Structure formats: structure tokens, C-alpha cells
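Below: one structure, written as C-alpha cells.
So this is what it looks like as C-alpha cells:
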């Protein structure tokens, strides 16, 4: 009889770089940086199917506004008029993106994934706030660009008179208005953690309060301090706000933005993830 010897061969593995080692099971994971959290939360507002369609809808609304501006009066409006026309719908509609980012984890049941990757919920909420401010700044920058294009189109194609005079009080006021509106949307979203309810509350409650202060005599004095429409109006008047106007703006912002934001932070920190 003869025996057959089988030689064991070692599989050839690609050359490994010096210093390379596979991570161990017990090796701690790299913590998520705050900048990465902000980028993720910003993408949740913009780089989703709902966010994309909503941005397209906002773009169509602003395009219609610019067409109307070009049609009325031969397009003979100043750059500041075009800026007011483009920034106003953005200030009204962009906050809904803040609502979507606040409610996305709970409406789409991804909260467990989010808070597993970053268990410190306070950092997640802070990232949402910062990303909302970034989106507000971006929305206002887009409004400025569209206003420039609209006025250039009026001058070029409608023979309108070029009027590029800037009122920095109005520009600063519209910037504050846009950022505070986005923050208000985020605050309502965090407070309710439900997308339809937050959108309805954001759009309807200030309107109902304004109607109440206009119709009921005893509510008018209170409305001067709590009606956002009244307290934010001086921001677009083109003049510096007085001390009392700043105080009224601060009180109304604390009620309509600070209070729901505080409630929302408390709810997110304590709510059970299912």
C-alpha cells in the first residue's frame, strides 16, 4: 500500500501595510463629532424626498412671485422691493423644513437608530437648532440672489429703472425674521413631535391670536407684546428699533419660540424610544 501525503497550503493574502491592525471587539467606537451631527441634521432637512419636493414647491412659489413683480408696473421696482417679495414666502414656508427635521425620528420611527449612534439626546437637539439656523441663513442668501436676478431681469427685459439702493435695517430685519421663523418651526416640531399637528399649530395659532387681539378689546394691550405679527413689523420698516420695540420682540419671541422649544427639549430628553 502507498500513502498519499497532502500538503497543507496557506492561502495567499494581500500584503498588509505596516502598523495595520483589525479593531478589537472591546475597542471603543469613535465618538460622533458635533459638526457631523449638524451635517446629518441639515441633510435631513434638504436631502430627503419630502425635503426635495418641498424645496421645489418653494422655488415655484418664489418664481410666481418674481413673475408677478415683473408684470406689475412694468417691473419698475427697486431691488429692496424684490428682496421683500422673495424673502417673505421663504420666511413663511422654510420653517416647515425645521418641523420635518424635528419630527422625522418620531414620525418615521428612526429615533432608536439616531439615539443609538448618539445617546446624548441634548447634542442631537442642539445640532437640530444649529442646522435650522444654517438653513435659515441659506434661505435668506437664496432670497438675495433671486432678488438680484429678478431686478436684473426687470432692468434688462422690461426697461425698468435700476434701483440698487440698500437699506441695511430692512436687510437685517428680514434676516432676523427668517432665522426666527425657522427656529419657531423647529420649536413647534419638537414640542409636538408630530408633523401634521406641528404644521397646523405653526400656521394657525399665530393667526388665531392675531385675530383675537384685533377683535377683542382686552387682548389688544396684551397683543402688543405677544403678537408676533405686531412685534416683528418694525423689523421691515427700515429704521432702528426703539428699546420698547426690542423688548416687545424679545417677549413675543420668548413665548412663541423659547417656550415651545423648552417644552420640546424636555419631551425629547424624557420620551421613551419605541
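Numbering (the working numbering), first residue to last: 8 to 281. Yeah, the Cβ is synthetic: ideal placement off N, Cα and C, and Gly gets one too. Everything numeric in this text was worked out from a predicted model, so none of it was measured.
N-terminal and C-terminal residue of the alpha helix (DSSP H) that residue i is part of
i           : result
residue 255 : 250-260
residue 217 : 202-222
residue 177 : 175-199
residue 228 : 225-233
residue 93  : 86-100
residue 267 : 266-277
residue 245 : Where residue 245 is concerned, there is no enclosing alpha helix (DSSP H), given that its DSSP letter is neither H nor E.
residue 42  : 41-53
residue 80  : Premise fails: residue 80 is in no alpha helix (DSSP H) and is neither H nor E.
Spatial distance of residue i from residue j (CA atoms)
i           : j           : result
residue 115 : residue 107 : 10 Å
residue 46  : residue 246 : 36 Å
residue 54  : residue 254 : 38 Å
residue 220 : residue 78  : 36 Å
residue 201 : residue 212 : 16 Å
residue 266 : residue 210 : 17 Å
residue 157 : residue 126 : 46 Å
residue 164 : residue 176 : 30 Å
residue 264 : residue 237 : 15 Å
residue 190 : residue 95  : 16 Å
residue 122 : residue 243 : 41 Å
residue 271 : residue 92  : 32 Å
residue 83  : residue 181 : 22 Å
residue 198 : residue 67  : 30 Å
residue 273 : residue 44  : 20 Å
residue 222 : residue 159 : 43 Å
residue 72  : residue 65  : 11 Å
residue 120 : residue 38  : 15 Å
residue 336 : residue 192 : Lying before the first or after the last residue shown, residue 336 is absent from the chain, which here runs from 8 to 281.
Distance between beta carbons of residue j and residue i, contact taken as under 8 Å
i           : j           : result
residue 150 : residue 90  : 7 Å
residue 61  : residue 97  : Actually they do not touch by this definition, with Cβ atoms about 12 Å apart.
residue 248 : residue 241 : 5 Å
residue 141 : residue 49  : 6 Å
residue 286 : residue 186 : An answer regarding residue 286 cannot be provided, because it is not within the stretch 8 to 281 covered by the chain.
residue 76  : residue 174 : Not really, about 18 Å apart at Cβ, beyond 8 Å.
residue 70  : residue 101 : Not a contact, Cβ separation roughly 16 Å.
residue 111 : residue 170 : Going by Cβ atoms, the distance from residue 111 to residue 170 rounds to 42 Å, so no, they are not a contact pair.
residue 41  : residue 134 : 6 Å
residue 276 : residue 130 : That belief does not hold up - the Cβ atoms of residue 276 and residue 130 are roughly 11 Å apart, past 8 Å.
Sequence ranges, alpha helix (DSSP H) only - wholly within the region 115-147, length at least 4:
118-124
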